[in-house]
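Here the protein sequences come in this chain order: H and G.
Just so you know, we're using the working numbering here: the first sequence kicks off at 1 and counts up by one.
Just so you know, we're using the working numbering here: the second sequence kicks off at 220 and counts up by one.
Positions of the beta carbon are idealized from the N, C-alpha and C atoms, including for glycine.
There are 2 protein chains.
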Amino acid sequence: MEVIIMKELLEGNDKLAAENRAYFASRHILAVNLMGAPGAGKTTLISAIANELKGIRIGVIEGDISSSIDAEFLKKQGIQSAQINTCGECHLDAHVIRQGADCIDIRDSIVFIENVGNLICPAEFDLGEAVRLLAASVPEGDDKPFKYTPMFSYIDVVALTKCDLKEAVGFNSENFLKGLRTLSLVPVFEVSLKKGAQPQGVTFVAQYLLKKYQELDAI
Amino acid sequence: MEVIIMKELLEGNDKLAAENRAYFASRHILAVNLMGAPGAGKTTLISAIANELKGIRIGVIEGDISSSIDAEFLKKQGIQSAQINTCGECHLDAHVIRQGADCIDIRDSIVFIENVGNLICPAEFDLGEAVRLLAASVPEGDDKPFKYTPMFSYIDVVALTKCDLKEAVGFNSENFLKGLRTLSLVPVFEVSLKKGAQPQGVTFVAQYLLKKYQELDAI
Chain H
1 MEVIIMKELL EGNDKLAAEN RAYFASRHIL AVNLMGAPGA GKTTLISAIA NELKGIRIGV
61 IEGDISSSID AEFLKKQGIQ SAQINTCGEC HLDAHVIRQG ADCIDIRDSI VFIENVGNLI
121 CPAEFDLGEA VRLLAASVPE GDDKPFKYTP MFSYIDVVAL TKCDLKEAVG FNSENFLKGL
181 RTLSLVPVFE VSLKKGAQPQ GVTFVAQYLL KKYQELDAI
Chain G
220 MEVIIMKELL EGNDKLAAEN RAYFASRHIL AVNLMGAPGA GKTTLISAIA NELKGIRIGV
280 IEGDISSSID AEFLKKQGIQ SAQINTCGEC HLDAHVIRQG ADCIDIRDSI VFIENVGNLI
340 CPAEFDLGEA VRLLAASVPE GDDKPFKYTP MFSYIDVVAL TKCDLKEAVG FNSENFLKGL
400 RTLSLVPVFE VSLKKGAQPQ GVTFVAQYLL KKYQELDAI
């Protein structure tokens, strides 16, 4: 597996993001910037969405501080993926995304950009994506929209993951929504992808992305 | 409540960290840099440790992107705390810590510095602390030491929080330790602080810190 090493943070991120946007559009790719805290269940979510969208080609650009655990996991499922190791950098930027996209080199597809596990810094770097999807997990707590306002203001859609743990951790959905709605009116899809159990709720996330993918044709 | 706003990232962090270290030593303060991902249970851990160490004065410097939810929670327990709002910055630095310390102005105490919820950037900023405590929570997954190597290399001690969820999320302790031990030989204390249940394991974290506090006298 080829692993791309991210060496320096380039200036002019926005200009490169605009170039990425044109690159994705010209290849009929829906690019999805998937963000979330460490352990929010980002890779599991991609895997489950890919299962739902069997007729659609899926690609993944995987960002991690180190390791290629996630890309290898997805490859086993037959998902084409490029691993970017950021060497300590806390987010992906537009420059490395283009390298990652060239590496998987696909067209007519949904490409997930799995960002580094971080609820803060990724919200400052446009990657040229069409959709910003946040995986927020129930065990992180219902107060997170109050505390991480830049991220919860930045996104297009929320997958609230690990909903099977709501009772176990005393998650208050009302409080979560109260915090979110002061910042944003985006849709929230409740998802549970517990190992060995029937997946719950992921169909709606998949349908949301499929609709966005189909809208590419209308542009 | 006074809230300190962090306006700029100063250069020369290490120099300021050394000054903080001298400041804490001269006041007989054990400064504990408590780090962890969003929702790892940092504030709950401080609260539970304070309960265990009733004879010791406790202070808290609270770092958050926004809100003062955590500082207010601790104040209700009678814990003296200063809130630092980082305005989007993803970590605390030595400069704001000194402001926070001046704000609570206590001696002969254990002062927790609750860092911003982030498994990456705080590992680059020495704050002048004596102990680096990581709250790593079970729902984040057992693969985190493989993925966030700078943080897991940076710390002195780990509190593995939310251990009551081990079975529910399929957490593999062996794999967690396998990843950690390639980086570090620090002690790991398993903790469960579920609301309404008897706290488990926090005594050991409290005793560890008490020992470090008592060792200040020997210096």
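Cβ-based burial, residue i [other Cβ within 10 Å; buried from 16]
i       : result
E359(G) : buried
L404(G) : exposed
E89(H)  : buried
C121(H) : buried
F62(H)  : Reading off the sequence, residue 62(H) comes out as Glu, not Phe. By the 10 Å Cβ count, E62(H) comes out buried.
P398(G) : In the sequence under discussion, the amino acid at residue 398(G) is Gly, which differs from the Pro named in the question. By the 10 Å Cβ count, G398(G) comes out buried.
N270(G) : exposed
E227(G) : Any answer about E227(G) is weak, because its pLDDT of 47 lies below 50 and its placement is not dependable; what the coordinates show is given next. Exposed, since its Cβ has fewer than 16 Cβ neighbours within 10 Å.
G55(H)  : exposed
D14(H)  : exposed
P257(G) : buried
D64(H)  : buried
G36(H)  : buried
A18(H)  : exposed
M225(G) : Low local confidence applies: a pLDDT of 48 at M225(G) is under 50, so the model's placement there is unreliable, with the coordinate-based value given in what follows. Its Cβ being crowded by 16 or more others within 10 Å, M225(G) is buried.
A206(H) : buried
K295(G) : exposed
S245(G) : exposed
A218(H) : exposed
N33(H)  : buried
V116(H) : buried
N337(G) : buried
Pick from the options that is closest to residue i, judged by C-alpha positions
i       : options                            : result
A313(G) : I332(G), G297(G), I325(G)          : I332(G)
F152(H) : E190(H), Q80(H), F176(H)           : F176(H)
F170(H) : E393(G), F390(G), K381(G)          : Checking the sequence shown, residue 170(H) turns out to be Gly, not Phe. Looking at the Cα atoms, K381(G) is the closest of the given residues.
P102(H) : D142(H), L216(H), S81(H)           : Checking the sequence, you will find Asp at residue 102(H) rather than Pro. With distances taken between Cα atoms, D102(H) lies closest to S81(H).
E190(H) : I120(H), T86(H), V202(H)           : V202(H)
L92(H)  : Q207(H), F146(H), P150(H), E129(H) : E129(H)
R181(H) : D143(H), G117(H), S66(H), G196(H)  : D143(H)
L228(H) : A48(H), L193(H), S47(H), K76(H)    : The displayed coordinates of chain H run from 1 to 219. Any statement about residue 228(H) would go beyond what the structure contains.
Q198(H) : A25(H), A48(H), A31(H)             : A48(H)
D289(G) : I265(G), C306(G), L272(G)          : I265(G)
R351(G) : V377(G), V335(G), K366(G), K295(G) : V377(G)
A414(G) : Q207(H), E167(H), Y208(H)          : What sits at residue 414(G) in the sequence shown is Lys, not Ala. Minimum Cα distance to K414(G) is reached at E167(H).
K366(G) : G78(H), K75(H), N20(H), Q83(H)     : Q83(H)
Y16(H)  : L34(H), R98(H), N33(H)             : The question names Tyr, but residue 16(H) in the sequence shown is Leu. It is R98(H).
Residue i - containing alpha helix (DSSP H), residue span
i       : result
D126(H) : Note, D126(H): premise wrong, no alpha helix (DSSP H); not H, not E.
D436(G) : 421-437
Q77(H)  : Neither: Q77(H) is in no alpha helix (DSSP H) and is coded neither H nor E.
L264(G) : 261-271
E174(H) : 173-181
K144(H) : 144-147
G319(G) : 313-323
A197(H) : No alpha helix (DSSP H) holds A197(H); DSSP gives it neither H nor E.
L185(H) : Element bounds for L185(H): n/a, residue is neither H nor E.
L384(G) : L384(G) -> no alpha helix (DSSP H), and no H or E assigned at all.
D14(H)  : 13-26
Where the beta strand (DSSP E) through residue i begins and ends
i       : result
L379(G) : 376-380
F189(H) : 188-190
D64(H)  : 57-64
N337(G) : Run containing N337(G): none; DSSP gives neither H nor E here.
L30(H)  : 29-36
A355(G) : 350-356
Sequence-distant residues of its chain with Cβ nearer than 6 Å to residue i (five each side left out)
i       : result
L229(G) : Because L229(G) sits at a pLDDT of 46, beneath the cut-off of 50, its placement in the model cannot be relied upon, and the following sentence gives the value as read from the coordinates. Around L229(G): H314.
S356(G) : A259, G260, T380, K381
F423(G) : F408
F24(H)  : A31
A354(G) : G255, A259, G260, K261, L264, A378, T380
P364(G) : F371, G398, L399
Contacting residues, own chain, Cβ-Cβ under 7 Å from residue i (five flanking each side not counted)
i       : result
R57(H)  : I106, D108, S109
H247(G) : R326, D327, L435
S285(G) : N304
T149(H) : L183
A241(G) : none
Contact list for residue i against chain G, beta-carbon separation under 8 Å
i       : result
K166(H) : What K166(H) touches in chain G: nothing, since even the nearest Cβ is about 11 Å away.
Contact set between residue i and chain H, taken where Cβ atoms lie within less than 7 Å
i       : result
Y367(G) : P38, I65
S403(G) : Under the 7 Å cutoff, chain H gives no residues; its nearest Cβ is about 15 Å from S403(G).
G389(G) : K195
Chain G residues whose Cβ lies nearer than 9 Å to that of residue i
i       : result
S137(H) : G258, P358, E359
G117(H) : A256, L338, I339, E359, K363, K366, Y367
Listed by chain order, chain H residues near residue i by CB distance under 8 Å
i       : result
G319(G) : Here the premise fails: no neighbours, minimum Cβ distance about 17 Å.
Listed by chain order, chain G residues near residue i by CB distance under 7 Å
i       : result
C90(H)  : C309, I339, C340
K162(H) : P358
Contact set between residue i and chain H, taken where Cβ atoms lie within less than 9 Å
i       : result
I288(G) : D143, F146, K147
Same chain, Cβ closer than 8 Å to residue i, neighbours up to 5 away in sequence not counted
i       : result
Y427(G) : V376, P406, F408
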